[in-house]
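In mature numbering (1 follows the signal peptide of the UniProt record, and there is no 0), the protein residues as written are -27 to -1, 1 to 209.
Heads up, the beta-carbon is just placed ideally off N, CA and C, and yes, glycines get one too.
Working notes, beginning with the structure itself.
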């Protein structure tokens, strides 16, 4: 699957309210969006359905923050145990993601007593110059899902729609932070899908996170169930 350049995905946001004297809330602050305490100064979003039925949504948020702020943000996320590549971050100014390829795999998630729901993948990601105004973020990821009963359990109508989520952090030409998120879903696939993408980012992509997942559905004892399972991809 070849995804068009310039796409961007969904990023969940929390609204940051600033309280001023007397316990009142500034109406101007209420209307602003913040990510990790930094003000969002621009947003671009796009959602498309490819010819093969794959659904792609992308969002890019530009933040009022500097390269030094990005380095601190990455350090904070690493301390929280977030899966960020490279796992041992260098100085942000080196933009080490562009120096080579990263490979990893996901893990199995056990959410129910009767069955196992697993999401995992193999991937390679790199960065190269992408022309004026950005860099190309390339990736080749195979997302795999599996439903396994725990012995003696009869399940039916099993389906696992593969999904992929990529989140990138970087610096724009104006020295602001950008946060980009790509979401891919393959409703016409079952259990396995390969995503081959080559996207233009709005600047240097310094760090990236990857998740493989699936929308699971099945029947057990005549009852229908559904859930989504995400597995973080870790560096080999």
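Who are residue i's beta bridge partners in DSSP?
i, result
"residue 144", "150 and 177"
"residue 156", "30 and 138"
"residue 121", "89"
"residue 200", "189"
"residue 195", "Beta-bridge pairing links residue 195 to no other residue."
"residue 162", "According to DSSP, which records beta bridges pairwise, residue 162 is partnered with nothing at all."
Name the two residues that bound the continuous alpha helix (DSSP H) containing residue i.
i, result
"residue 40", "40 to 52"
Using a Cβ-Cβ distance under 7 angstroms, would residue i count as near chain B?
i, result
"residue 44", "The structure shown contains no chain B, having only a single protein chain."
Relative to the alpha-carbon of residue i, which residue among the options has its alpha-carbon at the smallest distance?
i, options, result
"residue 30", "196, 154 and 167", "154"
"residue 42", "148, 172, 168 and 181", "148"
"residue 18", "34, 90, 179 and 7", "34"
"residue 226", "152, 170 and 137", "Look at the range of the chain in this structure, -27 to 209, and you will see that residue 226 is not part of it."
"residue 167", "117, 13, 88 and 44", "117"
"residue 197", "122, 49 and 129", "129"
"residue 159", "4, 91, 133 and 182", "133"
"residue 182", "52, 45 and 142", "142"
"residue 32", "13, 23, 45 and 24", "13"
"residue 90", "135, 51 and 9", "135"
Taking only the alpha-carbon atoms, compute the straight-line gap between residue i and residue j and give it to the nearest angstrom.
i, j, result
"residue 26", "residue 131", "20 angstroms"
"residue 15", "residue 127", "50 angstroms"
"residue 7", "residue 150", "12 angstroms"
"residue 202", "residue 37", "33 angstroms"
"residue 164", "residue 120", "9 angstroms"
"residue 157", "residue 11", "27 angstroms"
"residue 47", "residue 180", "8 angstroms"
"residue 195", "residue 20", "36 angstroms"
"residue 199", "residue 184", "19 angstroms"
"residue 190", "residue 177", "39 angstroms"
"residue 173", "residue 152", "13 angstroms"
Where does the unbroken beta strand (DSSP E) through residue i begin, and where does it stop?
i, result
"residue 17", "11 to 22"
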